[in-house]
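Undergrad:
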Amino acid sequence: MMILAPSMLSADFKVLGEELKTTEENGAKYIHYDVMDGMFVPNLSFGPGILKSIRPASMLVHDVHLMIEEPIRYIEAFAKASADIITVHIEACEDLDATIAKIRECGCKVGVSVKPATPVSVLEPYLDKIDMILIMSVEPGFGGQKFMPIALEKIAQAKAMVEAKGLNIDIQVDGGIDAQNVEDVIKAGANIIVAGSAVFNGDTKQNTIDMMEILNKYE
Ligand code: DX5
Ligand code: ZN
Numbered sequence: 504m505m506i507l508a509p510s511m512l513s514a515d516f517k518v519l520g521e522e523l524k525t526t527e528e529n530g531a532k533y534i535h536y537d538v539m540d541g542m543f544v545p546n547l548s549f550g551p552g553i554l555k556s557i558r559p560a561s562m563l564v565h566d567v568h569l570m571i572e573e574p575i576r577y578i579e580a581f582a583k584a585s586a587d588i589i590t591v592h593i594e595a596c597e598d599l600d601a602t603i604a605k606i607r608e609c610g611c612k613v614g615v616s617v618k619p620a621t622p623v624s625v626l627e628p629y630l631d632k633i634d635m636i637l638i639m640s641v642e643p644g645f646g647g648q649k650f651m652p653i654a655l656e657k658i659a660q661a662k663a664m665v666e667a668k669g670l671n672i673d674i675q676v677d678g679g680i681d682a683q684n685v686e687d688v689i690k691a692g693a694n695i696i697v698a699g700s701a702v703f704n705g706d707t708k709q710n711t712i713d714m715m716e717i718l719n720k721y722e
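Residue numbers (my numbering): 504 to 722.
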């Protein structure tokens, strides 16, 4: 099953509860929650407090993407704030093994992400310990950027690497995905699609329906 993970970064915050409900009612399964620290990326977003406050408004899987230096410092806080999946950047962790262990210890699923310039092969030693690979298709930091086609190659490499080991690891892709290019992303091997602007800019309901119609064509 293909999963749509709308990125909350682009939602209309004055009606956040309704935005979440609209995506959920129209087929989204995850809410992708982008955390930025102004260090790992040149932008700031939100912390665990807001995550906690949206739980009562949404049964969507809380998919937390930490774009922060040394994310190990905040894993417990996000887990307590009801994260279901916590994804960290390999580039941001001094000790990725310890960071992965911490996410597990807190009862969350583990994702590890690579920026556009980081090859997916760096993830190979960690494959036995993770649930999801997140391939960035833009430089992390801002919504609304243009999809970088290099990601397609990396998705295919990640998929091949996972299959070669006979593992069951989700492949998520994040950045610049819309109704025009999402099929390329799916065909390359992704099964979790993050989309911010394509879902929340304009009519959230119609955008979600349009994206889901495409995703539902695939197993
Ligand atoms: C970028 C974030 C993305 C972003 C996606 O750093 O990780 O999740 O919000 O937004 P769009 O779909 O607009 O590129
Ligand atoms: Zn993200």
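Note that beta-carbon positions come from the ideal geometry of N, C-alpha and C, so glycine has one too.
Small disclaimer: the values here were computed from a predicted structure and weren't measured.
(1) With 16 as the cutoff for other CB atoms within 10 Å, does residue 529 come out buried or exposed?
(2) With distance defined between alpha-carbon atoms, name the residue in 644, 625, 690 nearest to residue 655.
(3) Would you list the one or two residues that DSSP bridges to residue 639?
(4) Check whether the Cβ of residue 542 sits closer than 7 Å to any heavy atom of the ligand DX5, and report yes or no.
(5) Does any heavy atom of the ligand ZN sit closer than 7 Å to the C-beta of residue 568?
(6) What separation, rounded to the nearest whole angstrom, lies between the Cα atoms of residue 509 and residue 594?
(7) With residue 552 as the anchor, note down where its alpha helix (DSSP H) starts and where it stops.
(8) Would the C-beta of residue 645 count as close to the ligand DX5, meaning under 7 Å from any of its heavy atoms?
(9) With burial defined as no fewer than 16 other Cβ atoms inside 10 Å of the residue's Cβ, what is the status of residue 666: buried or exposed?
(10) Heavy atom of the ligand DX5 less than 7 Å from the Cβ of residue 512, yes or no?
(11) Report yes if the CB atom of residue 696 is closer than 8 Å to the CB atom of residue 507, and no otherwise.
(12) Where residue 717 and residue 711 are concerned, what is the direct C-alpha to C-alpha distance, given to the nearest angstrom?
(13) Taking the Cβ atom as the reference point for each residue, do residue 464 and residue 581 lie within a distance shorter than 8 Å?
(14) Going by beta-carbon coordinates alone, are residue 511 and residue 536 separated by less than 8 Å?
(15) With C-beta atoms as the reference, is residue 619 less than 8 Å away from residue 635?
(16) Cβ of residue 675 versus every heavy atom of the ligand DX5: is any distance shorter than 7 Å?
(17) Give me the Cα-Cα distance between residue 549 and residue 538, rounded to the nearest whole angstrom.
(18) Which same chain residues end up closer than 7 Å to residue 522 when comparing Cβ atoms and leaving out the 5 residues on each side of it in sequence?
(19) Measuring alpha carbon to alpha carbon, tell me which of 569, 585, 694 ends up nearest residue 556.
(20) CB residue 612 to CB residue 631, shorter than 8 Å?
(21) Tell me which residues share the same chain as residue 614 and place their Cβ nearer than 6 Å to its Cβ, disregarding the 5 neighbours each side in the sequence.
(22) Please classify residue 508: does DSSP put it in a helix, a strand, or coil?
(23) For a cutoff of 8 Å on Cβ pairs, would you count residue 670 as touching chain D?
TA: Straight from the coordinates:
(1) The residue in question, residue 529, is buried, as its Cβ has 16 or more Cβ neighbours within 10 Å.
(2) Taking only the C-alpha atoms, the option nearest residue 655 is 690.
(3) Note: residue 639 sits in a beta bridge opposite 677.
(4) Because no heavy atom of the ligand DX5 lies under 7 Å away, the Cβ of residue 542 does not count as near it: no.
(5) Because some heavy atom of the ligand ZN lies under 7 Å away, the Cβ of residue 568 counts as near it: yes.
(6) In this model, residue 509 and residue 594 are separated by some 24 Å (Cα to Cα).
(7) It spans 551-557 - the alpha helix (DSSP H) in which residue 552 sits, taken as one unbroken run.
(8) Residue 645 Cβ: within cutoff of the ligand DX5.
(9) By the Cβ neighbour-count rule, residue 666 is exposed, with fewer than 16 other Cβ atoms within 10 Å of its own.
(10) Yes, the Cβ of residue 512 comes within 7 Å of a heavy atom of the ligand DX5.
(11) For residue 696 and residue 507, yes; Cβs fall inside 8 Å.
(12) One C-alpha to the other measures close to 10 Å.
(13) In the structure as shown, the chain starts at 504 and stops at 722, and residue 464 therefore has no counterpart that could be examined.
(14) Going by C-beta atoms, residue 511 is nearer than 8 Å to residue 536.
(15) Taking the C-beta atoms as reference points, residue 635 is found no nearer than 8 Å to residue 619.
(16) Relative to the ligand DX5, residue 675 has its C-beta separated by 7 Å or more from all heavy atoms.
(17) Cα-Cα distance, rounded: 6 Å.
(18) Cβ neighbours of residue 522 beyond the five flanking positions: 514, 515, 703, 707.
(19) Closest option to residue 556, judged by alpha-carbon separation, among 569, 585, 694: 585.
(20) No. Outside cutoff.
(21) The answer, listed in chain order, is 588, 590, 635, 637.
(22) Residue 508 falls in the strand class under three-state DSSP.
(23) Structure shown: chain D not included; a single protein chain is present.
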